[in-house]
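Adding 738 to a residue's 1-based position in the sequence shown gives its number in the working numbering. Note sheet for the following structure.
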Amino acid sequence: MSWRKQEEQVMSPYMDKRRELGIWLKVLLAKYGIRQTQIASKLGITRQYVCQICGGKSPLAPEHFKTIYDMLLEMQAAESDLKRFVQLHIDSKVMIPYMVGADLADIEITLLRKFRQLPPRHKDQVIIYIETLAESCRKEKE
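Shown next, in the form of C-alpha coordinates:
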(Lines of atoms letter the chains of each structure in order from A; the text may use other names.)
(Lines give C-alpha, C1' and ligand atoms only; values in the text may rest on other atoms or scores of the structure.)
Protein backbone atom coordinates (compact mmCIF):
# COMPACT_ATOMS: atom_id res chain seq x y z
CA MET A 739 0.00 0.00 0.00
CA SER A 740 1.36 3.42 -0.90
CA TRP A 741 2.30 5.98 1.75
CA ARG A 742 -0.46 8.31 0.47
CA LYS A 743 -3.13 5.59 0.82
CA GLN A 744 -2.00 4.83 4.38
CA GLU A 745 -2.11 8.51 5.27
CA GLU A 746 -5.62 8.84 3.83
CA GLN A 747 -6.83 5.86 5.86
CA VAL A 748 -5.32 7.24 9.07
CA MET A 749 -6.75 10.70 8.51
CA SER A 750 -10.15 9.51 7.27
CA PRO A 751 -11.93 9.54 10.67
CA TYR A 752 -10.51 13.00 11.39
CA MET A 753 -11.64 14.24 7.99
CA ASP A 754 -15.07 12.68 8.56
CA LYS A 755 -15.46 14.64 11.81
CA ARG A 756 -14.31 17.84 10.14
CA ARG A 757 -16.81 17.22 7.33
CA GLU A 758 -19.59 16.51 9.84
CA LEU A 759 -18.77 19.76 11.67
CA GLY A 760 -18.86 21.69 8.39
CA ILE A 761 -22.21 20.21 7.38
CA TRP A 762 -23.68 20.99 10.80
CA LEU A 763 -22.37 24.55 10.58
CA LYS A 764 -24.04 24.92 7.18
CA VAL A 765 -27.32 23.62 8.66
CA LEU A 766 -27.08 26.07 11.57
CA LEU A 767 -26.36 29.02 9.29
CA ALA A 768 -29.44 28.22 7.19
CA LYS A 769 -31.61 27.52 10.24
CA TYR A 770 -30.75 30.81 11.94
CA GLY A 771 -30.56 32.98 8.84
CA ILE A 772 -26.85 33.71 8.94
CA ARG A 773 -25.20 34.14 5.57
CA GLN A 774 -21.71 32.90 4.78
CA THR A 775 -20.79 36.45 3.74
CA GLN A 776 -21.73 37.69 7.23
CA ILE A 777 -19.49 35.06 8.82
CA ALA A 778 -16.64 35.88 6.43
CA SER A 779 -16.92 39.59 7.14
CA LYS A 780 -17.01 39.08 10.90
CA LEU A 781 -14.02 36.70 10.80
CA GLY A 782 -12.00 38.71 8.30
CA ILE A 783 -11.79 35.80 5.84
CA THR A 784 -13.23 35.18 2.40
CA ARG A 785 -16.66 33.69 1.78
CA GLN A 786 -14.89 30.98 -0.20
CA TYR A 787 -12.95 29.99 2.91
CA VAL A 788 -16.20 29.81 4.90
CA CYS A 789 -17.55 27.60 2.13
CA GLN A 790 -14.48 25.34 2.49
CA ILE A 791 -15.11 25.11 6.26
CA CYS A 792 -18.76 24.22 5.62
CA GLY A 793 -17.62 21.54 3.18
CA GLY A 794 -15.12 20.10 5.64
CA LYS A 795 -12.19 20.94 3.38
CA SER A 796 -10.68 23.49 5.78
CA PRO A 797 -10.50 23.33 9.57
CA LEU A 798 -12.48 25.63 11.83
CA ALA A 799 -9.94 27.59 13.88
CA PRO A 800 -10.78 27.99 17.59
CA GLU A 801 -11.02 31.78 17.37
CA HIS A 802 -13.38 31.44 14.39
CA PHE A 803 -15.40 28.86 16.30
CA LYS A 804 -15.83 31.29 19.21
CA THR A 805 -17.01 34.11 16.94
CA ILE A 806 -19.50 31.87 15.13
CA TYR A 807 -20.71 30.45 18.44
CA ASP A 808 -21.32 34.01 19.70
CA MET A 809 -23.21 34.87 16.50
CA LEU A 810 -25.42 31.81 16.99
CA LEU A 811 -26.06 32.89 20.58
CA GLU A 812 -27.10 36.34 19.33
CA MET A 813 -29.55 34.63 16.97
CA GLN A 814 -30.93 32.70 19.99
CA ALA A 815 -29.85 29.31 18.68
CA ALA A 816 -31.32 26.34 20.53
CA GLU A 817 -29.15 24.92 23.29
CA SER A 818 -29.23 21.49 21.66
CA ASP A 819 -27.93 22.96 18.39
CA LEU A 820 -25.12 24.75 20.20
CA LYS A 821 -24.20 21.62 22.17
CA ARG A 822 -23.89 19.59 18.99
CA PHE A 823 -21.82 22.35 17.36
CA VAL A 824 -19.45 22.39 20.35
CA GLN A 825 -19.18 18.60 20.48
CA LEU A 826 -18.45 18.29 16.76
CA HIS A 827 -15.79 20.99 17.03
CA ILE A 828 -14.19 19.20 19.96
CA ASP A 829 -14.35 15.83 18.21
CA SER A 830 -12.68 17.28 15.13
CA LYS A 831 -9.76 18.47 17.29
CA VAL A 832 -9.43 15.72 19.91
CA MET A 833 -9.20 12.83 17.44
CA ILE A 834 -5.91 14.02 15.94
CA PRO A 835 -3.44 12.36 18.39
CA TYR A 836 -5.17 9.01 18.08
CA MET A 837 -5.38 9.12 14.31
CA VAL A 838 -1.74 9.93 13.65
CA GLY A 839 -0.48 7.31 16.10
CA ALA A 840 1.06 9.73 18.60
CA ASP A 841 1.99 8.32 21.97
CA LEU A 842 0.25 10.16 24.78
CA ALA A 843 1.91 10.80 28.15
CA ASP A 844 0.00 9.83 31.29
CA ILE A 845 -0.85 13.48 32.01
CA GLU A 846 -2.27 13.87 28.50
CA ILE A 847 -4.47 10.82 28.93
CA THR A 848 -5.67 12.12 32.30
CA LEU A 849 -6.43 15.53 30.80
CA LEU A 850 -8.32 13.94 27.91
CA ARG A 851 -10.41 11.80 30.25
CA LYS A 852 -11.25 14.77 32.48
CA PHE A 853 -11.96 16.90 29.41
CA ARG A 854 -14.46 14.38 28.06
CA GLN A 855 -16.38 14.51 31.35
CA LEU A 856 -16.98 18.25 31.08
CA PRO A 857 -20.27 19.69 29.83
CA PRO A 858 -20.00 21.09 26.28
CA ARG A 859 -19.93 24.76 27.29
CA HIS A 860 -17.00 24.09 29.61
CA LYS A 861 -15.17 22.15 26.90
CA ASP A 862 -15.45 25.23 24.71
CA GLN A 863 -13.96 27.38 27.46
CA VAL A 864 -11.05 24.95 27.93
CA ILE A 865 -10.26 24.94 24.20
CA ILE A 866 -10.30 28.73 24.04
CA TYR A 867 -8.10 28.96 27.14
CA ILE A 868 -5.55 26.49 25.78
CA GLU A 869 -5.43 28.27 22.41
CA THR A 870 -4.93 31.63 24.16
CA LEU A 871 -2.22 30.18 26.39
CA ALA A 872 -0.43 28.54 23.45
CA GLU A 873 -0.55 31.81 21.50
CA SER A 874 0.93 33.80 24.39
CA CYS A 875 3.69 31.17 24.79
CA ARG A 876 4.44 31.40 21.07
CA LYS A 877 4.70 35.20 21.32
CA GLU A 878 7.03 34.96 24.32
CA LYS A 879 9.41 32.77 22.31
CA GLU A 880 9.58 35.27 19.45
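C-beta atoms are modelled at their ideal positions from N, C-alpha and C, and glycine is treated no differently.
Sixteen is the threshold: when 16 or more other Cβ atoms of the shown chains lie within 10 Å of the Cβ of Y807, as they do, the residue is buried. Between P800 and I865, the CB-CB gap stays under 7 Å. If you keep only unbroken beta strand (DSSP E) runs of at least 3 residues inside the stretch 741-807, you get nothing at all. The three-state reading of DSSP puts M813 in coil, since its state is none of H, G, I, E or B. Counting along the chain, E869 sits inside the alpha helix (DSSP H) bounded by residues P858 to K879. The C-alpha of P858 lies about 21 Å from the C-alpha of M753. Residues G794, P797 and S830 of the same chain have their beta carbon placed closer than 7 Å to that of R756, with the five preceding and five following residues left out of the count.
In this structure M809 touches K780 by the C-beta definition: roughly 7 Å separates them, less than 8 Å. By the criterion of a C-beta distance shorter than 8 Å, L766 is surrounded in its chain by I772, L810, A815, D819 and F823, once the five residues flanking it on both sides are discounted. I847 is classed as exposed because its beta carbon has fewer than 16 other beta carbons within 10 Å across all chains shown.
The residues G760, L763 and K764, in chain order, have a CB closer than 6 Å to that of C792 in the same chain once the five nearest residues on each side in sequence are set aside.
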